[in-house]
Structures are given as C-alpha cells and as structure tokens.
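Sequential numbering from 138 applies to the sequence shown in our numbering. C-beta: ideal position from N, C-alpha, C; glycine also. These numbers were taken from a predicted model, which means no experiment stands behind them. Notes for the one structure printed next.
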Amino acid sequence: MNLEKRVTVRIDAPLAEALGAFMASGVAPMVSRQDAVRFIMRDWLSSRGYASLADQPNAFNCPASMDNTASGTE
138 MNLEKRVTVR IDAPLAEALG AFMASGVAPM VSRQDAVRFI MRDWLSSRGY
188 ASLADQPNAF NCPASMDNTA SGTE
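If you want it as structure tokens, here you go:
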C-alpha cells in the first residue's frame, strides 16, 4: 500500500473511545489507530461505491472471514 497522502484528524473523546472499542473487538488485526481509521474509511467508502477494493490488496493481510470489506458486510 502506497501511503503518499497525509491527513490529520482530531476527534473528541467519545469517538476516540469508540475507535478503541472497535480496535479491541478483533474485527481485523489493528496495530495502530491509523490502521483502524484506514480500515474504517476503506470499508465505509467501498460499501457506498466511492472506492473500489478489487484492485487494492488487503491492508491488514487478514483472512476474508475477519475482513468486512471482503465479504461486503457492515
């Protein structure tokens, strides 16, 4: 994955807690909050047709059963 573009986002405490809960859920192996945000954005954007994942490798190299973007579920 080529990470050329940088975006900085500040979030409030409730959203940070939700992000932590998502990471702890084990949906995908997250090493950092940045990984989690990329995963969430990729899933959201692809599920709404803004991004195509067909030509992109799985960012986390996790099995399809753990990767919601691979199964098309939310």
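Within 8 Å: the Cβ of residue i and any heavy atom of the ligand NAP?
| i | result |
| --- | --- |
| D149 | Only the bare structure without any ligand can be found here, which leaves the ligand NAP out of the picture. |
According to DSSP, is residue i part of a helix, a strand, or is it coil?
| i | result |
| --- | --- |
| V168 | coil |
| L156 | helix |
| L182 | helix |
| I148 | coil |
| R143 | coil |
| A161 | helix |
| A173 | helix |
Between the options, which lies nearest to residue i when the distance is taken from Cα to Cα?
| i | options | result |
| --- | --- | --- |
| K142 | R175, M160, R170 and E154 | R175 |
| E147 | L140, A158, R170 and N139 | Contrary to the premise, residue 147 reads as Arg rather than Glu in this sequence. Considering only alpha carbons, the answer is R170. |
| V164 | T145, D180 and A188 | D180 |
Pull up the CB-CB distance for residue i and residue j, whole angstroms please, since I reckon it's below 8 Å.
| i | j | result |
| --- | --- | --- |
| M178 | M167 | Rounded, the Cβ-Cβ distance is 13 Å, inconsistent with contact. |
Find out if the Cβ-Cβ distance for the pair residue i, residue j is shorter than 9 Å.
| i | j | result |
| --- | --- | --- |
| A173 | L152 | no |
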